[in-house]
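Numbering (UniProt numbering), first residue to last: 1 to 394.
Worksheet: one structure, shown below.
Set out below in structure tokens:
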């Protein structure tokens with residue numbers, strides 16, 4: 001599909017290229033992977049993990065918690081925008097029996113999928129929120145995203161040995177690098193707006209058209225700086241917020257058997273760029289002032305030749321143009337985002353549609369300590385049921 005420049009998408013919020021047809025999804029004995037991720041497909045700011053981070057993977061929806069059924073297999077998956085390591089093939093877990101009626105399937109399951117997720121993940125959510133409460137000034141966000149858990153590996157790593165039992169299952173799946181691919185089809189985004197929004201009690205909040213410029217800083221080599229900008233009437237950029245890399249405290253990637261989309265739960269926080277001198281801020285502003293709006297290039301921005309850096313301090317490493325519709329209620333915030341990105345270091349870009357659902361009340365209730373843990377846990381379980389019923393069918 002031909003690239004659709006941002007200026008042709010602005011007013012009608014149209015459709016962007018979507019990934020290949022969605023594959024049915026998985027089944028797995030409720031096993032978890034602990035440790036740091038080895039691959040990151042994000043095209044935006046650098047992702048930084050906190051010193052204490054729970055990074056897990058599990059799969060839910062099986063009638064039997066011990067192994068995969070014969071209907072589940074690793075199926076090749078084409079990555080349109082993510083860039084896996086050289087030579088690696090990408091797969092998703094697919095279930096040939098996905099068409100079975102979910103209610104009929106659940107009759108044979110000891111506990112519902114959302115109960116399984118809540119029971120397995122809740123201790124980590126509780127612990128991460130308490131740790132963040134002690135370390136961070138800004139309130140963290142617990143966000144659900146929807147897409148595919150993608151496995152990288154060799155096609156010879158099939159699931160026949162996985163079906164033999166738990167040990168073989170762990171051995172095979174732990175050999176594969178996993179990451180979350182959160183680009184979804186345009187038809188799914190339309191369904192969320194037209195069908196799901198009226199059902200879950202969220203109201204339209206705002207529409208944002210924002211450019212984000214990511215900078216490297218030679219004095220802070222381990223961080224990238226994100227500058228959020230809007231477009232003024234004279235077609236120049238106005239800087240209104242500067243912050244450093246988002247910090248992840250909890251990441252849980254969940255493969256779902258009974259659905260054809262997967263789920264990521266992530267607890268993350270951001271800090272405003274603090275302790276910056278006037279000279280430093282002026283340097284950042286000067287670099288942003290050199291940006292030229294150009295709807296014909298990925299990310300929508302470019303710089304004159306040799307002007308994408310300022311002195312020996314700041315350099316542009318990536319740009320992102322996003323158009324976002326937000327819906328909210330007292331307990332939820334839903335965002336449908338059309339993103340157009342470009343990364344300077346690798347000269348790669350992407351356009352993507354991304355859906356996120358912030359579970360607003362969970363973190364506050366845990367950190368306030370005014371509501372007992374059992375009540376918060378039940379509320380968390382209700383959120384997961386809402387997600388399972390409305391967000392994982394594409």
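Note that the Cβ used here is the ideal one computed from N, Cα and C, for glycine as well.
Query: Relative to the C-alpha of residue 362, which candidate in 143, 119 and 76 has its C-alpha closest?; Result: 143
Query: Buried or exposed for residue 217, going by 16 or more other Cβ atoms inside 10 Å?; Result: buried
Query: Please say whether residue 285 and residue 292 have beta carbons closer to each other than 7 Å?; Result: no
Query: Secondary structure at residue 57, three-state DSSP: helix, strand or coil?; Result: strand
Query: Report buried or exposed for residue 371, applying the criterion of at least 16 other Cβ atoms within 10 angstroms of its Cβ.; Result: exposed
Query: What are the boundary residues of the alpha helix (DSSP H) that includes residue 380?; Result: 373-390
Query: Just to confirm the assignment, what range does the beta strand (DSSP E) spanning residue 331 have?; Result: It is not in any beta strand (DSSP E) - residue 331 carries neither H nor E in the DSSP assignment.
Query: Which same chain residues, not among the five before or five after residue 345, have their C-beta less than 7 Å away from its C-beta?; Result: 317
Query: Using three-state DSSP, classify residue 359 as helix, strand or coil.; Result: strand
Query: Measure the C-alpha to C-alpha separation of residue 147 and residue 279 and round it to an integer number of angstroms.; Result: 42 Å
Query: How is residue 124 classed by DSSP in three states: helix, strand or coil?; Result: helix
Query: If distances are taken between C-alpha atoms only, which option among 304, 312, 343 and 310 comes closest to residue 321?; Result: 343
Query: Per DSSP, residue 306 forms a beta bridge with which residues?; Result: Note: residue 306 sits in no beta bridge, so no partner.
Query: Anyone know if the C-beta pair for residue 196 and residue 327 falls short of 7 Å?; Result: no
Query: Assuming the contact rule is C-beta atoms closer than 8 Å, residue 356 and residue 335 should be a hit. Round their C-beta distance to whole Å, please.; Result: 5 Å
Query: In terms of residue numbering, what span does the alpha helix (DSSP H) encompassing residue 94 cover?; Result: That residue, residue 94, is in no alpha helix (DSSP H); its beta strand (DSSP E) goes 89-95.
Query: Out of 78, 260, 310 and 48, state which residue places its alpha-carbon closest to the alpha-carbon of residue 394.; Result: 260
Query: How many angstroms separate the CA atom of residue 139 from the CA atom of residue 352?; Result: 27 Å
Query: Comparing C-alpha positions only, which one of 204, 377 and 375 sits nearest to residue 330?; Result: 204
Query: For residue 193 and residue 244, I'd like the C-alpha separation in whole angstroms.; Result: 31 Å
Query: Mapping DSSP to helix, strand and coil, what is residue 285?; Result: helix
Query: When we look at the beta-carbon of residue 214 and count the other beta-carbons within 10 Å, is it buried (16 or more) or exposed?; Result: buried
Query: Can you have a look at residue 55 and say buried or exposed, based on whether 16 or more other CB atoms are within 10 angstroms of its CB?; Result: buried
Query: Which of the three DSSP states is assigned to residue 339 in this structure?; Result: strand
Query: Within 10 angstroms of the Cβ of residue 240, are there 16 or more other Cβ atoms? Answer buried if so, exposed if not.; Result: exposed
Query: Please work out which residues of its chain come closer than 6 Å, Cβ to Cβ, to residue 287, disregarding the five sequence neighbours upstream and downstream, and give them in chain order.; Result: 310 and 314
Query: Skipping 5 residues on each side, what residues in its chain have a beta carbon closer than 7 Å to that of residue 114?; Result: 381, 384, 385 and 388
Query: Here's the rule: buried if 16 or more other CB atoms are within 10 angstroms of the residue's CB, otherwise exposed. What is residue 131?; Result: buried
Query: If you follow the alpha helix (DSSP H) that residue 190 is part of, which residue opens it and which one closes it?; Result: 186-191
Query: Which residue or residues does DSSP assign as beta-bridge partners of residue 229?; Result: 211 and 239
Query: Closest to residue 179 by C-alpha separation, out of 247, 242, 254 and 373, would be which residue?; Result: 254
Query: What separation, rounded to the nearest whole angstrom, lies between the Cα atoms of residue 59 and residue 234?; Result: 51 Å
Query: Taking the Cβ atom as the reference point for each residue, do residue 300 and residue 340 lie within a distance shorter than 7 Å?; Result: yes
Query: Under a three-way DSSP split, which group does residue 140 fall into?; Result: coil
Query: Round the Cβ separation of residue 324 and residue 337 to the nearest angstrom and send it over; I've been treating them as touching at under 8 Å.; Result: 4 Å
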